[in-house]
Amino acid sequence: MSFSKLLNPVRVRGFASCAKLYQSELSSLKEYKSTISDLLRNAGHELKSPNLVALHSRLGLPQGLSYSLLSRCLTCRSSGEVNYDNMSLNIFGKSLLTMAVTSELMKKHPRLPGVVLNAAVDAYINDHVLSNVASSWGIEPETQSVLDRYAKNENATITLGKLRYFQNSTDELHNFSETNAMAVAVRSIFAAIYSVDKDFNKTHKFISDHVLSRKLDVKDLFAFEQPTRELAALCRRQGLEKPVSKLLAENGRLSKSPLFIVGVFSGEEKLGEGYGSSLKEAKARAATDALLKWYCYEPVHGQQPVVIDQGEVLV
Numbered sequence: 001m002s003f004s005k006l007l008n009p010v011r012v013r014g015f016a017s018c019a020k021l022y023q024s025e026l027s028s029l030k031e032y033k034s035t036i037s038d039l040l041r042n043a044g045h046e047l048k049s050p051n052l053v054a055l056h057s058r059l060g061l062p063q064g065l066s067y068s069l070l071s072r073c074l075t076c077r078s079s080g081e082v083n084y085d086n087m088s089l090n091i092f093g094k095s096l097l098t099m100a101v102t103s104e105l106m107k108k109h110p111r112l113p114g115v116v117l118n119a120a121v122d123a124y125i126n127d128h129v130l131s132n133v134a135s136s137w138g139i140e141p142e143t144q145s146v147l148d149r150y151a152k153n154e155n156a157t158i159t160l161g162k163l164r165y166f167q168n169s170t171d172e173l174h175n176f177s178e179t180n181a182m183a184v185a186v187r188s189i190f191a192a193i194y195s196v197d198k199d200f201n202k203t204h205k206f207i208s209d210h211v212l213s214r215k216l217d218v219k220d221l222f223a224f225e226q227p228t229r230e231l232a233a234l235c236r237r238q239g240l241e242k243p244v245s246k247l248l249a250e251n252g253r254l255s256k257s258p259l260f261i262v263g264v265f266s267g268e269e270k271l272g273e274g275y276g277s278s279l280k281e282a283k284a285r286a287a288t289d290a291l292l293k294w295y296c297y298e299p300v301h302g303q304q305p306v307v308i309d310q311g312e313v314l315v
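What follows is the structure, encoded as structure tokens:
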């Protein structure tokens, strides 16, 4: 009998790379996939998936956070594991993360305008940043299909400690991106920590250690269109004297590369200073410097109550 007659073409739903399999092999493959699904749903502390144990220990997660829950944090809905994914954890984790970062920024910079505050929060918790956090944690994406793992006779527990987001029944263009999947896993782990401890302070500390510890200069998020007018409006709102620009120093006014240093004052108090190749540029920079000092003000450590600003100035 020829080799071609031995092959019994079978279409396997959910496996794009599997075109032909013996009927017996198909049954074994389905059993292997079923074993993985069962492990995902029933995994407990007795399960010793190497990657799960290492990740749990590396992050110093609470003892009450089971390997089953941690494995669920690494299982995205796009992986095809119905009713056992991290979607609900991701939604809750995003709320926790947003609240923790927003509260910390408002404590540190109580005068930040709303637009800048939102931009600062996004700079801390956007998908690319959280994806880098996941990489630093050592989270490894599962890039092999179930068929490939079955062909290698890989132990089913190994995949439990990897990020599962790729669905083999669709092409890469319609799959969840790795960056998004990494971010979802990080948010899910934050939610899992809170679900175990029921203590926002502990979750907040974990977020501070891994997210808020990253440096962000909020001054880079500002872009003033009319700094001199905005500064005048701010002084008027705060009951301060009208700001006046004064030339502090200059060099080479008639040369090819002049330099002017201008200070902006409210009465006798110097609010800001700037330089430029023209008086207009120097005045704008001085006003910008004064505005940045106001909006990026940081209260003295331990100051109570926290000062909340009246809001940004409209011109």
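The opening position of the sequence shown corresponds to residue 1 in full-length UniProt numbering, with each subsequent residue numbered one higher. Quick reminder that beta carbons are idealized off the backbone N, C-alpha and C, glycines included.
About 43 angstroms separates the CB atoms of residue 299 and residue 161; that is not less than 8 angstroms, and the two are not in contact. The Cβ atoms of residue 259 and residue 290 do not sit closer than 9 angstroms to each other. The beta carbon of residue 138 lies closer than 8 angstroms to those of 54, 55 and 58 in the same chain, with the five residues before and after it left out.
Contact annotation: residue 87 and residue 131 have beta-carbon atoms that are not nearer than 9 angstroms. Taking all protein chains shown into account, residue 120 has 16 or more neighbouring C-beta atoms within 10 Å of its C-beta and is therefore buried. With contacts defined as CB atoms closer than 9 angstroms, residue 221 and residue 104 fail to qualify as a contacting pair.
In the assembly as shown, residue 187 is a buried residue. Its beta-carbon has 16 or more other beta-carbons within 10 Å.
Judged by DSSP secondary structure, residue 273 falls within the beta strand (DSSP E) whose first and last residues are 269-276.
Proximity of the segment 92-104 to the segment 188-203 meets the contact definition, three or more beta-carbon pairs being nearer than 8 angstroms. The shortest C-alpha to C-alpha distance from residue 219 to any of 117, 99, 238 and 98 is the one to 117.
Sequence-distant partners of residue 123 (beyond 5 residues in either direction) whose C-beta falls short of 8 angstroms from its own C-beta, in its chain, are 129, 216 and 221. For residue 70, the closest C-alpha among the options 237, 125 and 194 is that of 194. For residue 200, the enclosing alpha helix (DSSP H) begins and ends at 200-207. In its chain, beyond the 5 residues on either side, 266 have a beta carbon closer than 6 angstroms to the beta carbon of residue 240. Burial check for residue 254: the Cβ neighbour count within 10 Å stays below 16, so the residue is exposed.
Contact between residue 279 and residue 261 does not hold, since the beta-carbon distance rounds to 10 angstroms and is not under 8 angstroms. The three-state reading of DSSP puts residue 253 in coil, since its state is none of H, G, I, E or B. Across the structure, residue 205 and residue 74 are spaced so that their CA atoms are roughly 22 angstroms apart. Taking C-alpha positions only, residue 78 is separated from residue 180 by approximately 11 angstroms.
DSSP places residue 240 in the coil class of the three-state scheme, outside both helix and strand. Residue 264 is positioned such that its CB atom lies no closer than 9 angstroms to that of residue 292.
For residue 95, the uninterrupted alpha helix (DSSP H) segment begins and ends at 87-108. Distance from the CA of residue 203 to the CA of residue 63, rounded to the nearest whole angstrom, comes to 14 angstroms. Excluding its 5 nearest sequence neighbours in each direction, residue 210 has C-beta neighbours in its own chain below 7 angstroms: 133, listed in chain order.
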